[in-house]
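Q: Below is the structure I would like to discuss, written out as structure tokens.
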Amino acid sequence: MTHQFPTLSEAQKRELHETALRIVSPGKGILAADESVGSMAKRLAQVGVENTEENRRQFRQILFSADDRINSCIGGVIFFHETLYQHSDNGVSFVKMIKDRGIMIGVKVDKGVVPLAGTSGETTTQGLDGLSERCAQYKKDGAIFAKWRCVLKISDVNPSKLAITENANVLARYSSICQQHGIVPVIEPEILPDGDHDLKRCQYVTEKVLAAVYKAMSDHHVYLEGTLLKPNMVTPGHSCPTKYSPEEVSMATITALRRTVPPAVTGVAFLSGGQSEEEASVHLNAINNCPLAKPWILTFSFGRALQASALRAWRGHKENEKAATEQFIKRAEVNSLACQGKYTSGDNYAEPGQRIYGSYHAY
Amino acid sequence: MPYRVQTPPLSVPPGQLMTHQFPSLSPEQKKELADIAQRIVAPGKGILAADESTGTMGKRLQKINVENNEENRRCFRDILFSSDASISNCVGGVIFFHETLYQKSDNGKFFPQVVKDKGIVVGIKVDKGTAGLNGTDGETTTQGLDGLSERCAQYKKDGCDFAKWRCVLKISDGCPSALGIAENANVLARYASICQQNGLVPIVEPEILPDGDHDLQRCQYVTEKVLAAVYKALSDHHVYLEGTLLKPNMVTAGHSCPKKFTPQEVAMATVTALRRTVPAAVPGICFLSGGQSEEEASINLSAINQVPLHRPWKLTFSYGRALQASALAAWQGKAANKKAAQDAFCTRAKINGLAAKGEYKPSGSADQASMQSLYTASYVY
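Protein chains in written order, with UniProt numbering: chain A, 1 to 363; chain B, 1 to 381.
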């Protein structure tokens, strides 16, 4: 605990910090297009499309061929490994298509969840083996940030102390390795919305999990200014009978973050979890209008909440491609407004000043 | 995470049992604590640390050849507390030593009342000094937890609204050790938890001593590790951060470090360390002055408040020597010097009030614009 052994040079730190800033520039967020083959199977099945490499390529092409309107909405795209090496119909690599419009390239580097024996169905995430070499290769192949997803759940007995510390530790190891290769780690400790717990319980658990994550980051000497956080918003469980307003979700979320995420962290890009496209945008907007002081950028890193409509519009038919791309652009623009607190939808009936945020002492 | 597993009564709707894990503070208690903390660190205000123990006061009084007896200690505190009411523009809180809490001014009024009448919040040092950690290289923890809850309840009745507890760490070849850090973080969290239960805002003080020849970078590194451990412990102990204050050292080089650093370098290193470890929910950070001179402490605080990085907490002072040294020297133990001593104290208080807003410009120094350029150092902290 006494002496610092060098981890990153000044130049390395500067590069990481600037990359992080570019990904979450004002009005911009992340398109999470890194669904694994298995996850894509689920998405494609919902619209009756066969899960083939070609179909996966075609759908990502629909997203990546969006016009310049997305340049001011999307700061980074997270790729799945397979997609990183795919090309458009015209033979242009997807990486080049994205990079050429000034959007940062990210890559999912974890290798999925594995069970933690002796727990009640909890998991950790694997992928550390050879991660350093893989990061070096991804950097050569155009990636400048990475993503690693850990999963926790709330129940009578979860999350357990082991799950919290083990997942926090593996996230910190991953982050440390990424930074050595000039890759900004997006840190994702997702707490699933499954269950009937209320908003308060989710807030409490989120605070405990994030406190552990940042202690682990400190222990592993991770350079916080060169990281991004991808947490869940604080929401009630899916089967919770109580309904909460966007303002309540916003207050609970911001309160939890203020208590745990050091101001040095450059940005927080929320996952959408099981939220609908509109729900996710409305919540993000409320979060950005929360009257509590927020020292980090608060934006999106959405998968389904950016792609659901596009997928439904496409249904695997070539003639629907343009319409599908339009759907994606529309959600990107909406979320660009939401991450600046400027989104007024049908659901946002009140002016920002009129929305009831209530007393923060109850959180 | 420890959790009680219980069979839900049939009449309770699903989900209602798992609302909050063993609530510690009600919303009303939280509001009271948060309001107290905000009052102490209101813009332009800081803390007068007048909680020197009997032994420490002995050292101070010896320097001006004044006998260390109860009356002299009372007398000097009276000089400070009876200053003009306008002192409340720059002093948001005063930390008392136990003895002083029950002493009276020359007018016969209890000191807590004198201070409160000026709109200043009353605080109390509650720790009982350091104790050795066996097996370490001279490291310590701090004692005082026994019966602390009852003591806090009594102090609250006697007019206190905040408390202070000082832990001490040092930098050397082998220090601070993992045990030193973990033990002190834990005891600070226990203290904080107990205070809040009794309506007292805990000031959390993990002082890293400036003794040694280490450089600025080393102090920054150690400060980051210590503060990360402190806030993890506070989370583990369910402490309500919005109802706490932090009293850390500024990040400085060791006293015997051959290299000298500018106030801007001290400021950048300090704010960087805090940004990496102190959650935004903490309302205020009140620096201790340590071994700094009065002027040094003010200049550094002002520089800290000018650092071009986002600072989500108030950054102010909790000074002992750096507010009292001139007053003590002016007093010399003589009643005739009372006004001069008070003037000296008020002067320092006003200066630190300005420093807490980043507005202190010692005469003859460069203007703010040129000072700003000193921050854009090539060094990435």
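For every residue, glycine included, the Cβ atom is placed at its ideal position computed from N, Cα and C.
Have a look at S193/B, K170/B, L169/B, L200/B and flag the residue whose alpha-carbon is nearest the alpha-carbon of A163/B.
A: Comparing Cα-Cα distances from A163/B to each of S193/B, K170/B, L169/B, L200/B, the minimum goes to L200/B.
Q: Can you tell me whether DSSP reads W313/B as helix, strand or coil?
A: Here W313/B sits in coil by DSSP.
Q: Going along the chain, which residues of its own chain have a beta-carbon closer than 7 Å to the beta-carbon of D211/B, five neighbours each way excluded?
A: So the list reads K170, G254, H255, once near-sequence residues are dropped.
Q: Per the contact definition of three or more C-beta pairs closer than 8 Å, is the segment 27-40 of chain A in contact with the segment 239-249 of chain B?
A: Cβ pair count under 8 Å is below three, so no.
Q: At 3 residues or longer, and completely inside the segment 305-360 of chain B: list those beta strand (DSSP E) runs for me, N to C.
A: Complete beta strand (DSSP E) runs here, min 3: 314-319.
Q: So if DSSP puts residue 389/B in a beta bridge, which residue, or which two residues, is it bridged to?
A: There is no way to answer for residue 389/B, as the model of chain B reaches only from 1 to 381.
Q: What residues in the segment 231-262 of chain B bring their beta carbon closer than 7 Å to a beta carbon of chain A?
A: From the segment 231-262 of chain B, only K232, S235, L241 have a Cβ closer than 7 Å to chain A.
Q: Which residue's Cα is closest to the Cα of P6/A: H221/A, H283/A, P241/A, F270/A?
A: Among H221/A, H283/A, P241/A, F270/A, the Cα nearest to that of P6/A is on H221/A.
Q: Between E207/A and chain B, is the shortest Cβ-Cβ distance under 9 Å, so that the two count as touching?
A: Yes, contact with chain B.
Q: With DSSP as the reference, label P185/A as helix, strand or coil.
A: DSSP places P185/A in strand when its eight states are reduced to three.
Q: When burial is assigned at 16 or more other CB atoms within 10 Å of the CB, is V205/A buried or exposed?
A: The residue in question, V205/A, is buried, as its Cβ has 16 or more Cβ neighbours within 10 Å.
Q: Would you check if the distance between the CB atom of S272/A and the CB atom of G237/A is smaller than 9 Å?
A: Going by C-beta atoms, S272/A is not nearer than 9 Å to G237/A.
Q: Can you grab the Cα-Cα spacing for the pair D129/A / C257/B, in whole Å?
A: So the two alpha carbons sit approximately 43 Å from each other.
Q: Please state the DSSP three-state secondary structure of A143/A.
A: A143/A falls in the coil class under three-state DSSP.
Q: Decide yes or no for the touch test of the segment 310-330 of chain A against the segment 286-300 of chain A: beta carbon pairs closer than 8 Å, at least 3 of them.
A: No contact exists between the segment 310-330 of chain A and the segment 286-300 of chain A.
Q: Residue ranges of each beta strand (DSSP E) run of no fewer than 3 residues wholly in the segment 234-273 of chain A, ordered along the chain?
A: Within the segment 234-273 of chain A, the complete beta strand (DSSP E) runs of at least 3 residues are 267-270.
Q: I'd like to know whether the C-beta of A362/A is nearer than 9 Å to at least one C-beta of chain B.
A: Cβ-Cβ to chain B under 9 Å: yes for A362/A.
Q: If I'm right that L224/A touches R276/B with Cβ under 8 Å, what's the distance once you round it to whole angstroms?
A: Right, their Cβ atoms sit about 5 Å apart.
Q: For L301/B, which residues in the same chain have their Cβ closer than 6 Å to its Cβ, ignoring the five residues on either side in sequence?
A: Hits under 6 Å: F317, A355.
Q: Looking at C-alpha atoms only, which residue of A216/A, V282/A, Q46/A is the closest neighbour of Y343/A?
A: Comparing Cα positions, the closest option is V282/A.
Q: Using 8 Å as the Cβ pair cut-off and three pairs as the minimum, do the segment 89-97 of chain A and the segment 109-120 of chain A touch?
A: They do not touch, by the three-pair rule.
Q: Would you verify that the beta carbon of S176/A is, or is not, closer than 9 Å to some beta carbon of chain B?
A: Chain B, which has no Cβ nearer than 9 Å to the Cβ of S176/A, makes this no.
Q: Could you confirm whether any beta carbon from chain A is found closer than 9 Å to the beta carbon of K314/B?
A: Not closer than 9 Å to any Cβ of chain A, the Cβ of K314/B fails to qualify, so no.
Q: I'd like to know whether the C-beta of Q340/A is nearer than 9 Å to at least one C-beta of chain B.
A: Closer than 9 Å: no.
Q: To the nearest angstrom, report how far apart V204/B and N184/B are at their CA atoms.
A: Approximately 11 Å, taken between the alpha carbons.
Q: Less than 9 Å between CB atoms is the rule here; does P185/A satisfy it with respect to chain B?
A: Cβ-Cβ to chain B under 9 Å: no for P185/A.
Q: Out of G106/A, S160/A, K161/A, point me to the one whose CA is closest to K139/A's CA.
A: When only C-alpha atoms are compared, the closest one is G106/A.
Q: Quick check: the Cα distance between F328/A and G180/B, rounded to an integer number of angstroms?
A: Distance between the alpha carbons of F328/A and G180/B is about 54 Å.
Q: So, L116/A versus A163/A, is the Cβ gap smaller than 9 Å?
A: Taking 9 Å as the Cβ cut-off, L116/A and A163/A qualify as a contacting pair.
Q: Assign D68/A to buried or exposed, taking buried as 16 or more other Cβ atoms, counted over all protein chains shown, within 10 Å of its Cβ.
A: Exposed: under 16 other Cβ atoms inside 10 Å.
Q: Report the residue from G353/B, I351/B, D343/B, K357/B whose alpha carbon sits nearest the alpha carbon of D84/B.
A: Taking only the C-alpha atoms, the option nearest D84/B is D343/B.
Q: Could you confirm whether any beta carbon from chain A is found closer than 9 Å to the beta carbon of E28/B?
A: At least one chain A Cβ lies under 9 Å of E28/B.
Q: Can you pull the DSSP bridge partners for M104/A?
A: DSSP, once it has assigned bridges, lists G76/A as partnering M104/A.
Q: In whole angstroms, give me the CA-to-CA distance for C195/B and D34/A.
A: Roughly 48 Å separates the two Cα atoms.
Q: Tell me the rounded alpha-carbon separation between A50/B and T227/A.
A: Rounded to whole angstroms, A50/B to T227/A spans 42 Å at the Cα level.
Q: Any Cβ of chain B within less than 9 Å of the Cβ of Q179/A?
A: Chain B contact via Cβ: absent.
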